[in-house]
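To start, the structure itself, in structure tokens.
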Amino acid sequence: MTDPVFDMADLFGEDYLYFYADRTGDERSDADTELIWRLLELEPGMEVLDLACGHGRIANRLAARGCHVTGLDATPLFLQRARGDAEAWGVSVDYHHGDVRDLPWASRFDRVVNWFTSFGYFDDSGNRKVISEVARVLRPGGEFILELNNLPWLLRNLQSSVVMEREGNLLVDRNEFDPLTSRVLSRRAVIRDGRHRDLRFFTRTFGFPELRQWLHEAGFSTVAAYGDGGDSLTVHSRRLITVSTH
Ligand SMILES: C[S@@+](CC[C@H](N)C(=O)[O-])C[C@H]1O[C@@H](n2cnc3c(N)ncnc32)[C@H](O)[C@@H]1O
Numbered sequence: 001m002t003d004p005v006f007d008m009a010d011l012f013g014e015d016y017l018y019f020y021a022d023r024t025g026d027e028r029s030d031a032d033t034e035l036i037w038r039l040l041e042l043e044p045g046m047e048v049l050d051l052a053c054g055h056g057r058i059a060n061r062l063a064a065r066g067c068h069v070t071g072l073d074a075t076p077l078f079l080q081r082a083r084g085d086a087e088a089w090g091v092s093v094d095y096h097h098g099d100v101r102d103l104p105w106a107s108r109f110d111r112v113v114n115w116f117t118s119f120g121y122f123d124d125s126g127n128r129k130v131i132s133e134v135a136r137v138l139r140p141g142g143e144f145i146l147e148l149n150n151l152p153w154l155l156r157n158l159q160s161s162v163v164m165e166r167e168g169n170l171l172v173d174r175n176e177f178d179p180l181t182s183r184v185l186s187r188r189a190v191i192r193d194g195r196h197r198d199l200r201f202f203t204r205t206f207g208f209p210e211l212r213q214w215l216h217e218a219g220f221s222t223v224a225a226y227g228d229g230g231d232s233l234t235v236h237s238r239r240l241i242t243v244s245t246h
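Mapping the sequence shown onto my numbering, position 215 (from 1) lands on 215, and the numbers just tick up by one.
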């Protein structure tokens, strides 16, 4: 079976920043950072990797709280924005352009963060490679937090069409679930300033037991599950958060 198309460069570009900057604005980013801080029991001075850090909204906040933060992402535009914000805030983050499947470190970090459905963009061997790379760059006893959609919630609530609007500009996602691969397959149309652009992407989705098994198979000894806001995971949790110890 051939893999569906993933238009990575078009998905993570200027339109993403334009439409998602509102949704992941200050309030949301502050709350995400606070939750990560609590669940990972972070302390100033810890070495933290924000994997697929995007435009640095979490990396910069963790640095402001005193962690030694490294951010890695594949999108130069997002890294440019992240570096600019870090400079404006007077915080220091080591930003790297790179691929989550091939990390340039070994046994280096106390904690690794992967947040806001930044996992599941590849075939399953690629997705597993990301987890094994995380295990490789963590120090013994280090912890990995992963946050993504919760499959039981998604199966009951997936909307075949989602519309976002900003200043009269539209982002329209048409979604379907593929039960053979446990992926949400999405077709996105962006209509902005009179310009129309179509792109396709997919996201692998997990129920907790499958993800826990993958994490154990990659060498993590314990895997804890949480739902929205760090509450207990239920079928009503929109998000699945795992905290795994290496
Ligand atoms: C949904 S965004 C989330 C960004 C960030 N974690 C946040 O919470 O705002 C996913 C990110 O994954 C990055 N990404 C996608 N594929 C990647 C890859 N192969 N290696 C590194 N980063 C990648 C994209 O550039 C994008 O910044």
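Built from N, CA and C at the ideal position, the CB exists for glycine as well.
Fair warning: this is a prediction, and the values are worked out from it, not measured in the lab.
Please check if any C-beta of chain C sits within less than 9 Å of the C-beta of D50. Absence of chain C from the displayed structure is noted, only one protein chain being present.
Out of curiosity, what's the CA-to-CA distance linking A106 and R174? 40 Å
Beta carbon of V91, beta carbon of T70: below 9 Å? no
Any heavy atom of ligand 1 closer than 8 Å to the beta-carbon of T242? no
Can the beta-carbon of H96 be found closer than 9 Å to that of D73? yes
Would you give the residue range spanned by the beta strand (DSSP E) that M46 belongs to? That residue, M46, is in no beta strand (DSSP E); it is neither H nor E in DSSP.
Note down the Cα distance separating S132 from A218, rounded to an integer number of angstroms. 5 Å
Exposed or buried, what is T205 when buried is set at 16 or more other beta-carbons lying within 10 Å of its beta-carbon? buried
Runs of alpha helix (DSSP H) lying entirely within the stretch 46–125, each at least 4 residues, in chain order: 57–64, 76–89
Apart from the five residues on each side of it in sequence, which residues of its chain come closer than 6 Å, Cβ to Cβ, to S118? A52
For D173, write down the residues that DSSP places opposite it in a beta bridge. V162, R188
Return yes when the C-beta of G54 is under 8 Å from any heavy atom of ligand 1, and no when it is not. yes
With DSSP collapsed to three states, give me the class of S182. coil
State the CB to CB distance for the pair G229 and L35, rounded to an integer number of angstroms; the pair is presumed to be in contact (CB under 8 Å). 7 Å
For the structure I just gave you, are there three or more beta carbon pairs, one from the stretch 191–199 and one from the stretch 213–227, closer than 8 Å? no
What residue range does the alpha helix (DSSP H) around L148 cover? It is not in any alpha helix (DSSP H) - L148 instead sits in the beta strand (DSSP E) that spans 138–149.
Per-residue burial, M8 [other beta carbons within 10 Å of its own, 16 or more giving buried]: exposed
With distances taken from CA atoms, which of Q80, M46, R183 is nearest G56? Q80
For V223, which of helix, strand or coil comes out of DSSP? strand
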